[in-house]
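Asker: Got a structure for you, written out below as structure tokens; questions coming shortly.
Numbering (the numbering used here), first residue to last: 1 to 206.
Below you can see the structure in the form of structure tokens.
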């Protein structure tokens, strides 16, 4: 075992988000697989076109998941096939949620679902740097305290390992269903995006 002291320091930094990600689903039930796939594809294309019409670039619309599975009536009888297609839209217009929601509802009607929305920061470099500085400062202070208690002087750093997490502000999810469930006047608040860095630092004795 290396002589010295090993400590963990944590640092956290936050800033206002600059990206909004919204996930829409198109979901419906049809009598057979072919009809399900065709209808989901048509309505998904309509939603995509509507979002593009609101100024969203094609590269900012991506497929998250696609599913087709049997819908049962009772224990064994197949009542139809449920299909779904989830699209995630990325935009820097943090106030444009209601406009995008209206467009998607108009395009897909009762087949539309709002899976969730999330605020984020596109480039976290500066936040991570600030969090690392705070984490290292805390680790050094801990090590100096422990060294003094043990009657040693703190030496140089011999190793550092890092873990980090980020906490985007996320709104709750809403199930698929009727368009009447959605309120385009819904106010959303970006809040603050936070990153947290933990550093495990080993100091030798002087």
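In this text, a Cβ means the ideal position worked out from N, Cα and C, and glycines have one as well.
Spell out a yes or no on whether the region 87-96 and the region 127-140 are touching, meaning 3 or more CB-CB pairs, one atom from each, closer than 8 Å.
Answerer: No, the region 87-96 is not in contact with the region 127-140.
Asker: Would you check if the region 102-113 and the region 16-27 touch, i.e. whether three or more CB-CB distances between them fall below 8 Å?
Answerer: Cβ pair count under 8 Å is three or more, so yes.
Asker: Cα separation between residue 181 and residue 77?
Answerer: In the chain shown, residue 181 corresponds to position 181, counting from 1. In the chain shown, residue 77 corresponds to position 77, counting from 1. With a pLDDT of only 46 at residue 181, under the threshold of 50, the placement of this residue in the model should not be trusted; the figure read from the coordinates follows. Approximately 30 Å between the Cα atoms of the pair.
Asker: Could you pull the start and end residues of the alpha helix (DSSP H) that residue 126 belongs to?
Answerer: Residue mapping note: residue 126 aligns to position 126 of the chain shown, counting from 1. Note, residue 126: alpha helix (DSSP H), 125-150.
Asker: Figure out for me which residue from 19, 160, 36 and 82 has the closest Cα to the Cα of residue 60.
Answerer: Position 60 of the chain shown, counted from the start, is the residue given in the question as residue 60. With distances taken between Cα atoms, residue 60 lies closest to 19.
Asker: By DSSP, does residue 153 sit in helix, in strand, or in coil?
Answerer: Numbered from its first residue, the chain shown carries residue 153 at position 153. Three-state result, residue 153: coil.
Asker: Rounded to the nearest angstrom, what separates residue 192 and residue 72 at their Cα positions?
Answerer: Here residue 192 is taken as the residue at index 192 of the chain shown, counted from 1. Here residue 72 is taken as the residue at index 72 of the chain shown, counted from 1. One C-alpha to the other measures close to 44 Å.
Asker: With distances taken between CB atoms, is the gap from residue 108 to residue 53 smaller than 8 Å?
Answerer: Locating residue 108 in the chain shown gives position 108, counting from the first residue. Locating residue 53 in the chain shown gives position 53, counting from the first residue. It is not a contact, given that the beta carbons lie outside the stated cut-off.
Asker: May I ask you to report which of helix, strand or coil DSSP gives residue 224?
Answerer: The requested residue 224 does not occur in the structure, where the chain is confined to residues 1 to 206.
Asker: For a test of the three-state rule: what should DSSP assign to residue 109, helix, strand or coil?
Answerer: On the chain shown, position 109 is the one that residue 109 refers to. DSSP places residue 109 in helix when its eight states are reduced to three.
Asker: Let me confirm a value: residue 178 is counted as buried when at least 16 other C-beta atoms fall within 10 Å, else exposed. Which label applies?
Answerer: The sequence position of residue 178 within the chain shown is 178, counting from 1. At residue 178 the pLDDT is 44, less than 50, meaning the model places this residue with poor confidence and gives no usable figure here.
Asker: Residue 55 by DSSP, collapsed to three states: which one?
Answerer: As a position in the chain shown, residue 55 is number 55, starting the count at 1. Three-state DSSP puts residue 55 in coil, outside helix and strand.
Asker: Helix, strand or coil: which one does DSSP assign to residue 96?
Answerer: What you label residue 96 is simply residue 96 of the chain shown in a count that begins at 1. Correct three-state label for residue 96: coil.
Asker: Can you tell me where the beta strand (DSSP E) with residue 11 in it begins and where it stops?
Answerer: For the purposes of this step, residue 11 is taken as residue 11 along the chain shown, with counting starting at 1. Its beta strand (DSSP E) spans residues 5-15.
Asker: For residue 13 and residue 196, I'd like the C-alpha separation in whole angstroms.
Answerer: As a position in the chain shown, residue 13 is number 13, starting the count at 1. As a position in the chain shown, residue 196 is number 196, starting the count at 1. Looking at the two C-alpha atoms, the distance is approximately 7 Å.
Asker: Count the other CB atoms within 10 Å of the CB of residue 87; is the residue buried (16 or more) or exposed (fewer)?
Answerer: Mapped onto the chain shown, residue 87 falls at position 87. By the neighbour-count rule (16 or more Cβ atoms within 10 Å), residue 87 is buried.
Asker: Would you grab the beta carbon distance between residue 199 and residue 136 for me? Rounded to a whole angstrom, and I think it's under 8 Å.
Answerer: What you label residue 199 is simply residue 199 of the chain shown in a count that begins at 1. What you label residue 136 is simply residue 136 of the chain shown in a count that begins at 1. Contact flag correct, Cβ pair sits at about 6 Å.
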